[in-house]
Structures are given as C-alpha cells and as structure tokens.
Amino acid sequence: MKIRTRYAPSPTGRMHVGNLRTALYEYLIARHENGEFILRIEDTDQERFFEGALEIIYHTMEETGLDYDEGPDKPGDCGPYVQSERVTAGIYMEYAKKLVEKGEAYYCFCTKERLESLKQEIAGKEIVAYDKHCLHLTQEEIEANLNSGMPFVIRQNIPNEGTTTFVDDIYGEITVENAELDDMILIKSDGYPTYNFANVVDDHLMGITHVVRGNEYLSSTPKYIRLYDAFGWEPPVFVHLPLITDEEHHKLSKRSGHSSFEDLVEQGFLPEAIVNFIALLGWSPEGTDEIFSLKELIECFDYKRVNKSPAVFDMVKLRWMNGEYIKAMDDDAYQAYAMDYVKGAFAEATEDSVVNADGVRLDKDALGKILMLLKTRIEVFPDIAEKIDFLNQMPEYDVAMYTHKKMKTDSAISLNVLEETLPILEAQEDYSVDALHDRIMQYIGEKGVKNGVVLWPLRTAVSGKQSTPGGAFEIMDILGKEESLRRIRIGIEMLKQS
RNA sequence: GGCUCGUUGGUCAAGUGGUUAAGACGCCGCCCUCUCAAGGCGGAAUCAGGAGUUCAAUUCUCCUACGAGCUGCCA
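FYI, the numbering for the first sequence is 23 to 520, going by the numbering used here.
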C-alpha cells in the first residue's frame, strides 16, 4: 500500500521548529517510499486563529522545499483540506451522529457551572473527570433538549473497565486503563469538532497510513484508538516523535530565540541549514555524515531510526552548520545573499558601490573582494557587519596594538617600518594583492626580517583592529591607495606622539 | 495526585550480552600563517543510581531518582 502522510498545522502563528520537524519527517517518510504527502489545515479553534498564519504556513513549506501533493491550494480527491470548510460541509457532525447511533458517543447538555462543580484540585492542579451524567439521559429528554435549542456537545463514550493497547512504531506497545480515559468532547457547542475528533475522521477519510506527530499526543492516543474502533476503522501506523527542548531541557519557548523557522531566517540562517539541522534532532542516519540536502535526506531517511529521548536545540551547532552551508554555496548565490549585509555596513550604498563614513568610495570590484574574504569567516550573515566595520570607518585604536610579542614588534619598530614603507607604497601604483605582496616582500627580503615585523604594523595601521578578515595586502587592495596611505600616515603620527 | 514516556561526554548522537563505547558541535593544544578564519593533526570529556538474571550487563528485568508530556468545548 502506498504511504500517505499529512502535515496538519493549526494556523495560530509562526511555524515552530518542533512542528517544522514533524512536517519534515512526515514528508521524508512519504517521499522515501514514493508515497504521498498532504497538507491539511486544522483551524477548528476559532479563538486562536491568527490572521496571516496561513500565508506563513504556505511560505514556510515553500522555503523549506516540503512540497505536498494535496492541500488547500492543491486540490486532490479528499478535499476540502481546510477543516473549517469541512465543518460547513457537515462532515464531522455526520460522523459524530453515527457514533451516537452506535452508542459510542452521546449528547451532553451539561452547563459550564455543572462542569465546574466536577473540578477537583489535586496537587495544586485542577482536574475534571466527566461523570457521564448525560449518558443516562432518556431518548425523550435528549430530543426535548435538542428541540428546545439547548446547547450541546457530543462526547465519546469510553467504558470504565478494561484496557486499551496500541503499538507505536517508535515507542512500542502502550497499554492504559480505560478508566483513565475521560469522555472527551468530539463536537463542541459551536458545532466545530475538537482536534481529537477531526483528526481521526480526516485521517481516515484522507487515507492517511502513517500518523506522525509529537510525543505530547502519545498519552492521548488510546482515545484515538477507541475512536477508530468505535467506527470500525483500521487505525493507521503511529509514529510519535521525541520532543525538542531548549538548553534547560524545557519545551522550546518563544523567549529562547529559536522558536520558529521565521525567527531563525531573520537571524540569518539558511532554510537548507535549518532543515538539515532539525532532521538530525531525534533521528540519525546510518553513517557519520551530517550534511544532507533534502534530496539526500529523502534517500536515506529511515524513520525506524528515530530515537525516543528528547533533544536539546543547540544554537551553537546550528551556527556551525549554517557556516558549512555558506562555505559550500556557489559564489553567485552567496553574493546574492550576503551583498545586502555588506552594503548595510557602510554609510552609503548604491547599486554597485558604497561610500564609507570617511567618504571613500569602494567599487563593485572591492565589494566582491570583501564578500569573498567573508565567506569562510561567518556562520550567519549578520556576522558581517562587525567584521567589516573598520572598512566603513577608521577606528580609534591604541598604539599598544603595535606591540606584538609573537610578531616581534613594538612601537619603535612599527614606526620605523611604517616610515620606511610609506615612500615605497607612495611610489606603488598597482594596489592589487599580488603586486603589493611582491613589492613588500621584496622590502622584507632586503631588510632580512620576519614577515610579521612588517606586516603586523601595516595591517594594524590600515585596519585599526586586532583581527580582520584578510591581511594587510587584502585590506589595502580593497581600500585603495589613497585611503591606505592616509591610514598609514595616521599610524605614523600616533606612533610619533607616543 | 494519577497516567504515559524518557535517561550514552556540556550538546547532537552511534552502538552492543564480551568493543580501545563510533562520529559531529563546542572546548583545549599543535601545525599552517601578517591577524582572524578556513584547512590539517591531536587531546580532555559519556553509558543517572541501586538491586537482580548471567561466566559476563552500558545492553535484559525490577526499583529509585531526575526530566518531560497528558490529565481543556487548545492543538
């Protein structure tokens, strides 16, 4: 039988990484077996509906490459794919009534007040166990209530004896006492189905073979099993996924900064890297490789290798992985992504050049060089700004920076080096990295000193920073002759005064 | 409180009744090097605790501890 999985989000906000991972696994399970993957919108909670959430879902699916075969915008044979539309079509009520006829469900007219009186506080938590009060209503009473327009819900009728057992493909066989299972509501008083009910009905009607979802549903799955049994339907394969937590081992929260896909993208992460990273949270491939494209994941994804224990979302490793993706990007794609960040680091930017805070214009060529210098040095695009601030403006720095033990330099040596190289650099016309390299190395050769003795002071003068992407030659090449000389002269002045 | 699930280095994790208990991130050191990266090499660091079964337990069983989830007219 062909595998069919579904991703069934509620449109209540941004897409949480836990949900994204569920979507990913559902997608991979289906695609790995050439099965079908569908998108269903579970908008049965009128109150939590969030304007724009639908667009976020579509957009995220597209950006991550999780293409579905059927969905609200891709009609198939099982539509509609939005639950509120299915409510309008009367689907859930129809099935709920079937259950009522079978005695597997019943109308409940209990008021909020009566339910409230059932509440008991145990260990500081309020717990309600419905007492099946309305199960014992007579047919006449039910009809009278219905005819008088009294609001009602439909509840599942779960026996108080016996046990219910099911097998989860990851967690194994799980058995619970039926007495533990409350008579959950199937149809709410507003006529909408609850998630629990709509889920079962739709999964069955849509031919879903593998239900993949978070661990939080594990303990309510017996109720679903009872629903499938009540209908006389074959339950699907259940695949429950371990939780993703924050560093404190708590469920990911909005505060932790890595709650949603969109947040991550805003922080400069690439969709491919995010997908790759979350694929490895709760699942591991057979070998030791860790970098996988979506295509490769489809090939090697074996859901039987999903593990049971919760995984901490490690931002540091995500950053590393993103850096790997940046390094692996082809130059054009990389430039397209990074250019705005580079331009943003300067005082003024035009189509193909920038002007820095000191009024120096850097052309397209220079921008390209900056970009390439940065490629192996950033993990996330916003890292760029801090790395090239010295190109925008000559920073204030301390002359102490000229003293470097390992480079065998101090103020006096540096002053001498800068004064001697200044005329050489003034005479130099070609400021390409190679030409500067040849000329300065010639000087170093003549002096018979270590490279660092000359290059450290030069790099310091021209950048004003302890560390920079690229060395003295690269920086001078980017800055150009005039600005390089200006900065070196400033360095000479500073050293003279000290 | 009850129920359900989980526990291999700091983190992601592989793995097995007998192994030097993989690999990755991070950390530390070395090499390369004009700085920072990248790259190369190396290092420290793990089977939650206790019983039991067994010639042998990280692996199987039980208990404890800890963590998480559920216990909604939320999903």
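Glycine included, C-beta positions come from ideal geometry on N, C-alpha and C.
Check                                                                                                                          : Outcome
Span of the alpha helix (DSSP H) around Ile180                                                                                 : Unbroken run through Ile180: none, as it is neither H nor E.
Status (buried if at least 16 other CB within 10 Å, exposed otherwise) for Pro173                                              : exposed
Leu161: first and last residue of the uninterrupted alpha helix (DSSP H) it sits in                                            : Per the sequence presented here, residue 161 reads as Gln, with Leu not at that position. Segment 161 to 169, the alpha helix (DSSP H) holding Gln161.
C-alpha distance - Asn344 paired with Phe291, whole-angstrom precision                                                         : 6 angstroms
Pro8 in three-state terms, based on DSSP                                                                                       : Here the chain comprises residues numbered 23 to 520, so residue 8 is not present and cannot be evaluated.
Spatial neighbours of Glu401 in its chain, beta-carbon cut-off 8 angstroms, leaving aside the 5 residues before and after      : Arg341, Trp342, Asn344, Gly345, Ile348
Whole-angstrom distance between Glu504 and Glu373, CA atom to CA atom                                                          : 23 angstroms
8 angstroms Cβ cutoff met for Pro264 and Ala360                                                                                : no
Completely contained beta strand (DSSP E) runs for the segment 186 to 213, where each covers 3 or more residues                : 194 to 199, 207 to 209
C-beta atoms of Ile209 and Phe219 nearer than 8 angstroms                                                                      : yes
Presumed contact (8 angstroms Cβ cut-off) between Gly93 and Ile60, rounded CB distance                                         : 6 angstroms
Runs of beta strand (DSSP E) lying entirely within the segment 373 to 441, each at least 3 residues, in chain order            : none
Start and end residues, alpha helix (DSSP H) containing Thr27                                                                  : No alpha helix (DSSP H) contains Thr27, which is instead part of the beta strand (DSSP E) from 26 to 29.
Backbone CA spacing between Asp224 and Met394 [nearest angstrom]                                                               : 51 angstroms
Touch test, the segment 380 to 387 against the segment 417 to 436, Cβ-Cβ under 8 angstroms, three pairs minimum                : no
With 16 other Cβ atoms within 10 Å as the buried cut-off, status of Leu227                                                     : exposed
Three-pair Cβ contact test at 8 angstroms for the segment 243 to 257 versus the segment 129 to 145                             : no
Reduced DSSP secondary structure (H/G/I, E/B, other) of Cys322                                                                 : helix
Ranges of the alpha helix (DSSP H) found wholly within the segment 256 to 331, counting only runs of at least 4                : 283 to 288, 293 to 301, 316 to 322
Neighbourhood of Gln68 by C-beta distance below 8 angstroms, restricted to the same chain and skipping five residues each side : Asp212, Tyr214
Residues near Tyr193 in its chain [Cβ-Cβ closer than 8 angstroms; skip 5 each side]                                            : Leu240, His262, Lys330
Length of the line joining the Cα atoms of Thr310 and Arg36                                                                    : 33 angstroms
Start-end ranges of the alpha helix (DSSP H) lying completely within the segment 63 to 149, minimum 4 residues                 : 75 to 86, 105 to 110, 113 to 124, 134 to 140
Expected contact under 8 angstroms - CB spacing of Ser485 and Phe412 to nearest Å                                              : 5 angstroms
8 angstroms Cβ cutoff met for Leu477 and Gly493                                                                                : yes
DSSP state of Val233 mapped onto helix, strand, coil                                                                           : strand
Selected residue, minimal CA-CA separation from Trp305, among Phe323, Pro293, Phe314                                           : Phe323
Test item: CB-CB of His232 and Thr44 under 8 angstroms                                                                         : no
Collapsed DSSP secondary structure at Pro539 in the structure displayed                                                        : Because the chain in this structure spans residues 23 to 520, residue 539 falls outside the shown range and cannot be described.
The segment 64 to 84 / the segment 246 to 256 touching (three or more Cβ pairs under 8 angstroms)                              : no
Span of the alpha helix (DSSP H) around Leu501                                                                                 : 494 to 519
For Leu61, the first and last residue of its enclosing alpha helix (DSSP H)                                                    : Premise fails: Leu61 lies in the beta strand (DSSP E), 58 to 61, not in any alpha helix (DSSP H).
Inter-residue CB distance, Leu157 and Tyr128 (contact presumed, cutoff 8 angstroms)                                            : 5 angstroms
Alpha carbon of Ala20 to alpha carbon of Lys397, nearest angstrom                                                              : The structure shown does not extend to residue 20, since the chain is modelled only from 23 through 520, so no value can be given for it.
Whole-angstrom C-beta distance between Asn237 and Ala30, which should lie under 8 angstroms                                    : Not confirmed; about 16 angstroms, so no contact.
Neighbour-count burial assignment, Arg177, 16 or more Cβ in a 10 Å radius                                                      : buried
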